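J.:
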Amino acid sequence: MGWATPDRDRFEWAGVRSMRMDDEDADPVGGPLPEAESFDDRVLGVSESLIRYVEVIAALVLVLLFAIGVFDLTLQIFQSALRGDITDPLVVVGFIDTALLLFIIVEVYQTVVAYTQESETRRIVRLVIYTGVIAMVRKAIIFRTGEYSSEQAALTAAAAYTLIILGLAALLLVERRTRGTLPESG
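Every position in the sequence shown, counted from 1, becomes a number in the working numbering once 103 is added.
1. Please name the residue, chosen from Phe198, Leu193, Phe169, that lies closest to Phe181 on a Cα-to-Cα basis.
2. May I ask which residues mark the beginning and end of the alpha helix (DSSP H) holding Gln179?
3. Can you list, in chain order, the residues of its chain with a C-beta nearer than 8 Å to that of Ile298? Leave out the 5 residues immediately preceding and following it.
4. If I follow the unbroken alpha helix (DSSP H) through Phe198, where does it start and stop?
5. In chain order, what residues of the same chain have a beta carbon less than 7 Å from the beta carbon of Ala161, not counting five sequence neighbours either side?
6. To the nearest angstrom, how far is it from the Cα of Phe246 to the Cα of Asp188?
7. Would Ile207 and Phe169 qualify as a contact pair, given that the criterion is a beta-carbon distance under 8 Å?
8. Using 8 Å as the cut-off, can you tell me whether the region 215-227 makes contact with the region 169-178, which would need three or more C-beta pairs spanning the two stretches below that distance?
9. Around the C-beta of Gly289, are 16 or more other C-beta atoms found within 10 angstroms, so that it is buried, or is it exposed?
10. What's the gap between the Cα of Glu223 and the Cα of Ala263?
11. Reducing DSSP to helix, strand and coil, say where Ile245 ends up.
12. Helix, strand or coil for Gly289, going by three-state DSSP, please let me know.
13. Please classify Val211: is it buried, with 16 or more other beta-carbons within 10 angstroms of its beta-carbon, or exposed?
14. Could you compute how far the alpha carbon of Glu250 sits from the alpha carbon of Arg186?
15. For Arg241, tell me which candidate among Glu158, Val159, Thr265 has the shortest Cα-Cα distance.
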């Protein structure tokens with residue numbers, strides 16, 4: 104038997120039919136080979152991995168700061184109770200200040216975790232707004248006019264705090280009203 108080629112991709116020799124393997128038609132075992140990565144792609148891959156590790160380390164540092172802060176707040180409360188000045192308004196404001204700092208740490212931690220988990224952009228923005236609201240409420244609670252050089256400086260600071268709080272409240276309101284109406288972006 105000789106060669107018979109009924110079509111260009113098949114051939115027969117000595118009664119055995121086979122397929123011709125053209126370079127452009129043949130895939131290696133296991134599928135096509137992946138395209139070779141460029142040097143830039145490899146560098147970007149390494150940098151993305153490093154960023155992820157740093158984000159995780161930042162989250163762990165925030166957990167440690169939170170634990171230390173809770174311990175410190177508990178210690179402050181016990182010491183004030185032992186001294187008998189736990190009912191002093193300035194001492195209570197100090198407790199509230201420390202507690203609000205702890206809430207800020209929690210919000211920043213949640214923001215870092217959201218970035219690490221590559222959460223949707225809206226969730227991250229919401230967390231940043233909450234962090235800003237807590238920070239500004241903290242500033243308003245601990246605001247003392249005596250800490251400023253003049254009444255004008257205290258009034259300017261109070262006006263700035265008020266504008267920032269109103270702006271954050273407006274952002275929070277807009278975010279809540281548009282929660283189901285805008286497409287999620289990630």
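For glycine and all other residues, C-beta sits at the position ideal for the given N, C-alpha and C.
Model, not experiment: these values are computed from the prediction.
T.: Answer, in terms of the structure:
1. Phe198
2. 142-186
3. Residue 298 lies beyond the range of the chain shown here (104 to 289); nothing can be said about it.
4. 192-219
5. Around Ala161, the same chain offers Val215 as residues with beta carbons nearer than 7 Å, after the five sequence neighbours per side are excluded.
6. Roughly 21 Å between the two C-alpha positions.
7. no
8. no
9. With a pLDDT of 49 at Gly289, under the threshold of 50, the modelled position of that residue is not reliable, and no figure is offered here.
10. Roughly 31 Å between the two C-alpha positions.
11. If DSSP states are grouped into helix, strand and coil, Ile245 belongs with coil.
12. Here the model assigns Gly289 a pLDDT of 49, short of 50, so the residue's position is not dependable, and the following value carries that caveat. Residue state, collapsed to three classes: coil.
13. Residue burial annotation: Val211 is buried, with at least 16 other C-beta atoms found within 10 angstroms of its C-beta.
14. 26 Å
15. Thr265
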